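The block underneath contains the structure these notes are about, expressed in structure tokens.
There are 2 protein chains.
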Amino acid sequence: MQLLPGFRDLFPDDCARRNYILSRWRETALRYGFVEYDGPVLESTELYRKKSGGEIVGQLFDFKDKGEREVAMRPEMTPTLARMVIARERDFRKPLKWFSVSQFFRYEKQQRGRLREFYQLNCDIIGEASLAADAEIVALVIDALRAFGFTAHDFVVRISDRDAWLSFLQAKGVDAGGGQFLQIIDKLERETEEATARKLGEFGLNLGEVREFIAEPGVHFERFNQLAADLDARGMAGFYRLDPTIVRGLAYYTGLVFEVFDRKGKLRALAGGGRYDNLLRDMSDGAVNLPALGFGMGDVVLGELIADTPAAVEKWERWRQSAAEIYVVIAKEDRRSDAIRAVQEMRENGLRVDYPLAPAKVGKQFQNAEQLGARFAVLFGDEWPAVKIKTLATRQETTLPREELLGRIQRLAP
Amino acid sequence: MQLLPGFRDLFPDDCARRNYILSRWRETALRYGFVEYDGPVLESTELYRKKSGGEIVGQLFDFKDKGEREVAMRPEMTPTLARMVIARERDFRKPLKWFSVSQFFRYEKQQRGRLREFYQLNCDIIGEASLAADAEIVALVIDALRAFGFTAHDFVVRISDRDAWLSFLQAKGVDAGGGQFLQIIDKLERETEEATARKLGEFGLNLGEVREFIAEPGVHFERFNQLAADLDARGMAGFYRLDPTIVRGLAYYTGLVFEVFDRKGKLRALAGGGRYDNLLRDMSDGAVNLPALGFGMGDVVLGELIADTPAAVEKWERWRQSAAEIYVVIAKEDRRSDAIRAVQEMRENGLRVDYPLAPAKVGKQFQNAEQLGARFAVLFGDEWPAVKIKTLATRQETTLPREELLGRIQRLAP
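Here the protein sequences come in this chain order: A and B.
Counting along the first sequence from 1, when you hit position 202 you're at 202 in the numbering used here, and nothing is skipped either side.
Counting along the second sequence from 1, when you hit position 180 you're at 594 in the numbering used here, and nothing is skipped either side.
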């Protein structure tokens, strides 16, 4: 009876770390005026066959359910989002600014930064063709990382434009749709020069002219320059750069694309996204024709960067809550009912309160209080009908009538 | 490309409703000093074959993964919890007070209150045999429902004790382990008298003596009386009652068991749980022997009860957030950069801010602001370098220098 490879057991510390990431994501998206949606964990396999790349389809956790339907655990959000928007877009004012925080599943080889399940923040703007939407999305990806305490020294958004490459092809007289060519550019940093040169040769191109274009992208990246002006107005000048080698693996991207990397270049991409202006039209056979763009940010690589960045670790430690704020010490068992009444009263007023379920020595109870990270102990014992409040950090004590307990503790607790 | 039957698309309103339920659950468990954990969505099928009842195993979304492992999407939390506790219990102080908020999957017939995926709050105390733990768990299930605005007029916890039935069998000289007998009691309200009488006959019992025991449970339910005293000290006298017919379907329960129902008796159980003192021992072949108890509460029936209860609907409506607090109106396009700077500044200070991505008429922008539920509009236009703040509900306006905007809006917004 073991955990499956690539999956995680979230013991309380791990779970707190997950919740921290998920709540920072949510907070940032909400500040940007995005609203949350979610879709089902299980979808028809057909949805991914139609829309996702071949690589993702090969990694599906897919099977036949008890009703003989071909189903798959979701490997990404965009197909579900597209399905939902196509079904009900008329019910919503455009542009949609939607985000989700969901779990995904891919049968991949386990390695650093890659598991078989992961969480992802997905943010998309649907129904807005202007570059202002691209800027809003890139600004959001930047702020979603700044929310963890990262600065421009920790990460960078590398931005490119698929259309610039298509113009390049056109200028060179290559007429090949661009898909296969973009695959070569996508793998430029990972393949040998020989392999790349050979593949480019099939298009009648050589590595030199590609490298020249990358080094001096010039006018082809006019849209990037407009985007940059908007980001600079937001004070984000140091957080991005033009990088023509970014083209994204997925087939459906059009126009601007980007990926986010740690500055040290040690980790996989933290996030990636871009425009997919034709996806909704293609998926709905033309019925819904809305421009769209978005990004996904995963929790696994992000968690590694947090662990590697002292300022981010410190921010996480500050966010973290103790298991209880107040520990009620039952110094005499005949005061148990009175103590339980007080526990209930404080909990009903929103305080996080714990107490010993079984009789225990007073010293042991104080030990428990400290292990739980409580700030205050409240003693029910010889002082009755008074009780004693002890501030655990300072050892300061106050004795006060039981009726005054709630009021006093509410003033003391944050 | 359709949604699978029994699954849900959570459009923004549905998603907000889900998040409301999940966050109320979390808040309540945290007030009780419980800490959150989670496990994987996918487990070895073997885990459920070993531990869950036959009914649940028949409803699994199970399959062989690409590595030929037999795996299943989780149908309940207890087996995962038991596996995790057995693996690492030495690392944690007892008793464990752990909760999880997770999604589950069962291939069931769709009907009112039942889908093929659902969320559940699971709360468990592990390592405490005393009745104080039973009271803590029942109090938590009560407060987890009161958190939604329900009162003793809306729901009731029906509590029983499996051991009382085992004493009954002993007194009648029936020696049959109890499992099959408890199944008959479990189905008492759903089967015909004839069918029940025939089944009881196989144990040499008649329906009359069973009914008599139910009507006058007497001393067999001594533990219930102790539990009741603890709950009454918490002011929960009206929220529970003894009901010997509650025995719970699952095989692993020992001692106290309970289910929660709406008072009108219109819906399925809202929650259920009890003690399972032998499960960890049995699952670990004796290596980990810790008493345990807990409950699960699902979101589907709960959602129906909320919809049916005006006070609960009102509480939900109050919790709900608008998509944005502040809408920045760009009255003149040459002020767009200045407006975007202000948007960024307010967002960085935690405010939820939206603005028009594309140029639009001022009237249209105000319409957007109201549709998003914003409280304030901030105008960038002719007043520059001053800006105008408009309180949307009162139409009240203030013009102030741009530098004073953030300070002013922070005082105005909650």
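The beta-carbon is built from N, C-alpha and C at its ideal position, and this holds for glycine as well.
Since this is a predicted model, take the numbers as computed values, not measurements.
With fewer than 16 other Cβ atoms from the protein chains shown falling within 10 Å of its own Cβ, Gln110 of chain A counts as exposed.
Beta bridge pairing from DSSP links Phe63 of chain A with A:Val71. At least one CB atom of chain A sits nearer than 9 Å to the CB of Glu531 of chain B.
Rounded to whole angstroms, the Cβ separation of Ala331 of chain A and Asp382 of chain A is 7 Å, and the two are in contact under 8 Å. Contact of Arg526 of chain B with chain A is not assigned, every C-beta pair being separated by 9 Å or more.
Shortest Cα-Cα distance from His220 of chain A to any of A:Asp232, A:Gln410, A:Ala342 and A:Leu242 involves A:Leu242.
If you ignore the 5 residues before and after Leu641 of chain B, its C-beta comes within less than 8 Å of the C-beta of Leu545, Asp548, Ala549, Val552, Ile573 and Leu670, all in its own chain and listed in chain order. Fully enclosed alpha helix (DSSP H) runs of no fewer than 4 residues occupy 336-348, 362-371 and 405-412 of the segment 336-413 of chain A, in order along the chain. Annotated as distal: Asp600 of chain B and Val515 of chain B, with beta-carbon spacing of 9 Å or more.
Look at Asp65 of chain A: its C-beta is under 9 Å from a C-beta on chain B.
Around the CB of Ser437 of chain B, fewer than 16 other CB atoms lie within 10 Å, so the residue is classed as exposed. According to the DSSP assignment, Leu250 of chain A belongs to no alpha helix (DSSP H), since it is labelled neither H nor E. Within chain A, the residues Gly33 and Val35 have their CB atoms less than 7 Å from the CB of Ala737 of chain B, given in chain order. Around the C-beta of Ala651 of chain B, fewer than 16 other C-beta atoms lie within 10 Å, and the residue is accordingly described as exposed.
In the three-state reduction of the DSSP assignment, Asn639 of chain B falls in the helix class. By the Cβ-count criterion, Glu739 of chain B is buried, with 16 or more other Cβ atoms from all chains shown falling within 10 Å of its own Cβ. In this structure the segment 164-179 of chain A does not touch the segment 775-787 of chain B; the number of beta carbon pairs closer than 8 Å is below three. When the alpha-carbon of Ala87 of chain A is set against those of A:Leu4, A:Leu280 and A:Phe295, the nearest one is in A:Leu280.
In summary, the residues of the segment 75-86 of chain A whose CB is separated from some CB of chain B by less than 7 Å are Arg83 and Met84, in the order they occur in the chain. Apart from the 5 residues on each side of it in sequence, Tyr667 of chain B sits with its Cβ closer than 7 Å to the Cβ of Arg576, Gly688, Arg689 and Tyr690 in its chain, given in chain order. Within chain A, the residues whose beta carbon sits less than 8 Å from that of Arg422 of chain B are Pro40, listed in sequence order. Val757 of chain B is positioned such that its CB atom lies closer than 9 Å to that of Val767 of chain B. For Ala139 of chain A, the three-state secondary structure derived from DSSP is helix.
For the pair Lys388 of chain A and Tyr446 of chain B, the Cα-to-Cα distance works out to about 21 Å.
Uninterrupted alpha helix (DSSP H) stretches at least 4 residues long and entirely within the segment 6-41 of chain A occur at 12-31, given in chain order. In the DSSP annotation of this structure, Tyr462 of chain B is not part of any beta strand (DSSP E); the continuous alpha helix (DSSP H) holding it starts and ends at Thr459 to Lys465. Cβ contact annotation for Phe150 of chain A (same chain, cutoff 8 Å, sequence separation greater than five): Leu305, Thr309, Ala311 and Ala312, in chain order. For the segment 266-351 of chain A, the full-length beta strand (DSSP E) segments reaching 3 residues or more read 271-275, 292-298 and 326-330 along the chain. A residue is called buried once 16 or more other Cβ atoms fall within 10 Å of its Cβ, and Gly296 of chain A is buried on that count.
Contact annotation: in the segment 360-375 of chain A, residues whose CB is within less than 8 Å of a CB in chain B are Asn368, Gln371 and Leu372. With contacts defined by Cβ atoms closer than 9 Å, Pro401 of chain A and Ala386 of chain A form a contacting pair. If you ignore the 5 residues before and after Asn278 of chain A, its C-beta comes within less than 8 Å of the C-beta of Tyr252 and Thr254, all in its own chain and listed in chain order. A check of alpha carbon separations from Gly787 of chain B across B:Pro773, B:Phe794 and B:Tyr769 identifies B:Tyr769 as the nearest.
Excluding residues up to 5 positions away in sequence, Ala377 and Glu397 lie with their Cβ nearer than 6 Å to the Cβ of Lys390 of chain A in the same chain. The distance from the Cβ of Ile823 of chain B to that of Leu765 of chain B is about 7 Å, consistent with a contact at the 8 Å cut-off.
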